[in-house]
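Undergrad:
Numbering (the working numbering), first residue to last: 462 to 1504.
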């Protein structure tokens, strides 16, 4: 790698020694700009742009220094100092020495690289210009900023048009399509429009990307033929659009390490007819990868992670790539070196199977070609010595120079290959043809011819040649117009479209190559064709007739007998270059041989075609048959025709050989095309003048006819307008009458509606009054009802308070009774304790009996308290219960009668006890009896179930007392106090001893208590069933039984 420092020099050499780029990276030179001592260490390059030839480029740094680098001349020159950073550059203008530069102050300036002067200063942008696109002719330029795009005329440096957009939708890029008048505008919302450059009419809009795709377009690139648009953005996907069908036809996914795309550009190729296949993609990692968009293969890459690339520009000829690196330097790469592995030639078709020169003597030399039909026989031992003729060294040099072709090819080797296979490989045919014809590829000269527009001679070419494909017709029209602008005679040559059509169809994707192939064909293989214009080339036809007379007199005599001349059997083949009588493959094979030989070989093909078709031609006698034969395809092997042409080239005498009359091959000159004036100029000028006069007369006639038509149209229009005006007036009158009638009817209807409205209002007023009366009455009744309800509520409140007061009084009375009862109990307890204290010395049984009696008394007090609480809750039910007390009293009287019998029996038994215990026993019995009487009086008011259970418990407690105490006492049933006083025969003061006949008394008492218990349980069940007392209350009521 060679490194070049621009430094402070204004000019100098780029490299001192011609660099040899390595195959690994293809880097030719690295250019840096080291500043002076008082400035920063190095200056960064920002922008690069190539000229139209692709051999020189300009570069600008961030201080406004602009350099021109000539890679062919190995020179760099400082052409301008703008003192401010450049944002965009363009170097492919119509005047080759001028360039455009967009500066940081939003202005665009045009400078001359030779005089270094300011040519023009353009302003109008309000933000930084980041793109400059120049038309293929170099006469127009598009400058793009984030908010607008402007079209400039570079001849006058005036603004022609301005594209304004809303702030919500920004511009991504606006540029010209290559070799086209179409402008492509791309916006930030992924919308893409195509505009006609002249009229600025929208031609089409590309559809939006597919649903689900989140790719936002930021960078764009178009192939040289303007057919494919590549778009990318912040993703690893590339979208390829076909601009002819306006459809998205391919999505390419790049490696996952590429997250966003910063720049894309196609590599031009001289042999792909403008349909570029290699696309360079610069990712966010600073590496530019080149892929084939057809097979999606990664071919090579430039840049590294350490030395990343900011942006890259590829030369129009596809030879160089100039990259602005992240460190501010410039790297120039060789595309030929980078694609060296891709452009390797195919393997040889001829190879040596075995070399026997060392094994055998010189007389046994044997040569064999694989796949060939002809083998050279081995020499005999007695053969003569081979004689060689030594040619002059100068002749040898001339021959070698003639055989040397561009791109490293050899014409002699190609001819040998062609003789062996009969045709060139299809894959390399276009490449070989361009090398054989040595096409200069003068882009600028060809663009200047195209810029002249369509020639007037071919404006209506579609009427004479109705070609189905509009694209092919348009390319044919452009090519014919370019030829007519190149030389005036081609605008008046009637057979030129027939001659050029097969080449136009073959090279329809590359119009430049098509034009140069046709021009080379006219200059070399169409020599002397236009000397007898407008007649056919009689001299060329005479050569063909002489050749036919020498090689086949019989066929020529037959032509003479039938009155057929060379204009009928030779000129149709020449003016259509065999396209009418041969198929595409046959035609290509023929012109493989035509372009590989002397220009006279085309005439030999014509003679060979006649000779090979001799049999059917001898059977033709009419001119129409001959004319049909030479304008239609025939069953003929083109290989035989080519071999016959080669035989004629070798066997034709020198005096009639066309090679001596026609010049050798001369290629087109570079930069500019040669002048073609080998035709009778006075005839062409006269015809041109006559055509111009006729055209002017026709234009005047057309103008007059147009004026007459306009006058007639104006009169007719005026008449129609008057008729329309009268019709409108009549319609207005009719409409006025109709509207007057309508207004009268509407007034009548309005009066009727007013009457109906008044009636409706009266009805509504009456209804409203009635509703008000009804509402007032309803309100009064409602007030009355509310007052009555209030009175009832007050009555209820008074009644409720009165009941509460009565209940409170009853409760107070019950509390007083309870207090009196408790005072009596306390008095009796004190008396009883005194008696007990006096009898402490008595027996243990008497002491236990006293304790039991006290416990029973306490229990009776507790039960009495609980009963009082229950009575308070059941005061509301007392009225119902009083009705059933009498029935319960009857049952109790029956039980009392039986108890009296039992008491009498016990009395008799106890009287017999000893008088010594009489005093103590009587006191104890008197206390117990008094306690039982008080409990009976309190419990008499309880319900029947409570009395039964309490009586059972009292009987059980009495039995226990009798078993424990030595003093036996009588326990009576639980009865109210009133009923107990009525029992006859019982004296409270009577006492008897319980020690006598203890066993008999206990037995009888047990039987009696069992019977009483059974009867009470039976009566309690009957009373419960009669008054529906729930059984859940039974356990609570049993606690009321007191012994």
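By construction, the Cβ of each residue, glycine as well, lies at the ideal position given by its N, Cα and C atoms.
Computed from a predicted model, the values in this text were never measured in an experiment.
To the nearest angstrom, how far is the alpha carbon of residue 1084 from that of residue 661?
TA: For residue 1084 and residue 661, the distance between alpha carbons rounds to 55 Å.
Undergrad: Can you give me the C-alpha to C-alpha distance between residue 1322 and residue 1276, rounded to a whole angstrom?
TA: Cα to Cα, residue 1322 sits roughly 14 Å from residue 1276.
Undergrad: In the DSSP assignment, find the beta strand (DSSP E) that holds residue 405 and state where it starts and stops.
TA: Missing from the structure shown is residue 405; the chain here goes from 462 to 1504 and no further.
Undergrad: Using only the alpha-carbon positions, how far apart do residue 604 and residue 681 sit?
TA: Spanning the two alpha carbons is a distance of roughly 16 Å.
Undergrad: May I ask you to report which of helix, strand or coil DSSP gives residue 677?
TA: Of the three classes helix, strand and coil, the one that applies to residue 677 here is coil, per DSSP.
Undergrad: Can you tell me the Cα-Cα spacing of residue 482 and residue 489, whole angstroms?
TA: Roughly 5 Å separates the two Cα atoms.
Undergrad: Where does residue 947 sit, in a helix, a strand or coil, going by DSSP?
TA: Of the three classes helix, strand and coil, the one that applies to residue 947 here is helix, per DSSP.
Undergrad: Tell me the DSSP secondary structure of residue 1189 in three-state form.
TA: Residue 1189 falls in the helix class under three-state DSSP.
Undergrad: When you compare the segment 963-978 with the segment 898-917, are there three or more beta-carbon pairs, one atom per stretch, that lie closer than 8 Å?
TA: Short answer: they touch.
Undergrad: Just grab the DSSP bridge partners of residue 941 for me.
TA: Per DSSP, none; premise fails for residue 941.
Undergrad: So residue 752 and residue 759 are in contact, right, with Cβ under 8 Å, and what is the actual spacing, rounded?
TA: With 8 Å as the limit, residue 752 and residue 759 qualify as a contact, their Cβ atoms being about 5 Å apart.
Undergrad: Using only CA atoms, which one of 1041, 531, 1283, 1052 lies nearest to residue 1094?
TA: Residue 1094 has its Cα closest to that of 1041, out of 1041, 531, 1283, 1052.
Undergrad: What three-state label does DSSP hand residue 518 in the structure shown?
TA: Residue state, collapsed to three classes: strand.
Undergrad: CA-CA distance, residue 925 and residue 582?
TA: Each residue's alpha carbon lies about 49 Å from the other.
Undergrad: For residue 940, is the classification buried or exposed, using 16 other Cβ atoms within 10 angstroms of its Cβ as the cut-off for buried?
TA: Burial call: buried.
Undergrad: Would you call the segment 1154-1165 and the segment 1098-1112 touching, i.e. three or more CB-CB distances under 8 Å?
TA: Flag = no, the segment 1154-1165 and the segment 1098-1112 do not touch.
Undergrad: Give the secondary structure of residue 811 by DSSP, where H, G and I count as helix, E and B as strand, and everything else as coil.
TA: With a pLDDT of 44 at residue 811, under the threshold of 50, the modelled position of this residue cannot be trusted; read the value that follows with caution. DSSP places residue 811 in coil when its eight states are reduced to three.
Undergrad: When we look at the beta-carbon of residue 1545 and count the other beta-carbons within 10 Å, is it buried (16 or more) or exposed?
TA: The structure shown does not extend to residue 1545, since the chain is modelled only from 462 to 1504, so the question has no answer here.
Undergrad: Could you name the residues of the same chain whose beta carbon sits closer than 6 Å to that of residue 820, not counting the 5 residues immediately before and after it, in chain order?
TA: Caution is warranted here: a pLDDT of 38 is assigned to residue 820, below 50, making its placement in the model unreliable, and the coordinate value is therefore given only provisionally. So no residue of the chain qualifies.
Undergrad: Suppose you measure from the CA of residue 977 to the CA of residue 963; what does that come to, to the nearest Å?
TA: Answer to the nearest angstrom: the Cα atoms are 14 Å apart.
Undergrad: Specify the secondary structure class of residue 1217 as computed by DSSP and reduced to three states.
TA: Residue state, collapsed to three classes: helix.
Undergrad: Do residue 726 and residue 763 have their C-beta atoms closer together than 7 Å?
TA: Taking 7 Å as the Cβ cut-off, residue 726 and residue 763 do not qualify as a contacting pair.
Undergrad: Report the option in 640, 651, 611, 638 whose CA atom is closest to the CA atom of residue 630.
TA: Of the candidates 640, 651, 611, 638, the one whose C-alpha sits nearest the C-alpha of residue 630 is 651.
Undergrad: Nearest to residue 1048 by CA position, among 1472, 1317, 1230, 887, is which residue?
TA: Comparing Cα-Cα distances from residue 1048 to each of 1472, 1317, 1230, 887, the minimum goes to 887.
Undergrad: Would you report the Cα separation of residue 649 and residue 639, rounded to the nearest angstrom?
TA: About 23 Å.
Undergrad: Output the distance between the C-alpha atoms of residue 1216 and residue 1184, rounded to the nearest integer angstrom.
TA: For residue 1216 and residue 1184, the distance between alpha carbons rounds to 48 Å.
Undergrad: Report the residue ranges of all alpha helix (DSSP H) runs contained in full by the segment 883-939; include only those spanning at least 4 residues, in chain order.
TA: DSSP runs (the alpha helix (DSSP H)) wholly in the segment 883-939: 890-898, 904-912, 922-925.
Undergrad: Go ahead and pull the three-state DSSP assignment for residue 1415.
TA: Because residue 1415 carries a pLDDT of 48, less than 50, the predicted location of this residue cannot be relied on, and the following value inherits that uncertainty. Residue 1415: helix per DSSP, three-state reduction.
Undergrad: Check this for me: beta carbons of residue 951 and residue 943, under 7 Å apart or not?
TA: Cβ distance not < 7 Å, so residue 951 and residue 943 don't count as in contact.
Undergrad: Could you check what DSSP says for residue 1325 in three-state terms: helix, strand or coil?
TA: Helix.
Undergrad: Enumerate in chain order the residues of its own chain whose CB-to-CB distance from residue 1061 is below 6 Å, with the five nearest sequence positions on each side excluded.
TA: Cβ within range, chain order: 1119, 1120, 1123.
Undergrad: Using beta-carbon positions only, say whether residue 564 and residue 541 come within less than 7 Å of one another.
TA: No, they are not a contact pair.
Undergrad: Taking only three categories from DSSP, how would you classify residue 1279?
TA: DSSP places residue 1279 in helix when its eight states are reduced to three.
Undergrad: So who's on the other strand from residue 464, going by DSSP bridges?
TA: Partner(s): 491.
Undergrad: Measuring CB to CB, does residue 1137 end up less than 7 Å from residue 948?
TA: Yes. Within cutoff.
Undergrad: By Cβ distance, which residues of its chain are closer than 6 Å to residue 608, with the 5 residues on each side in sequence left out?
TA: Here the set comprises 588.
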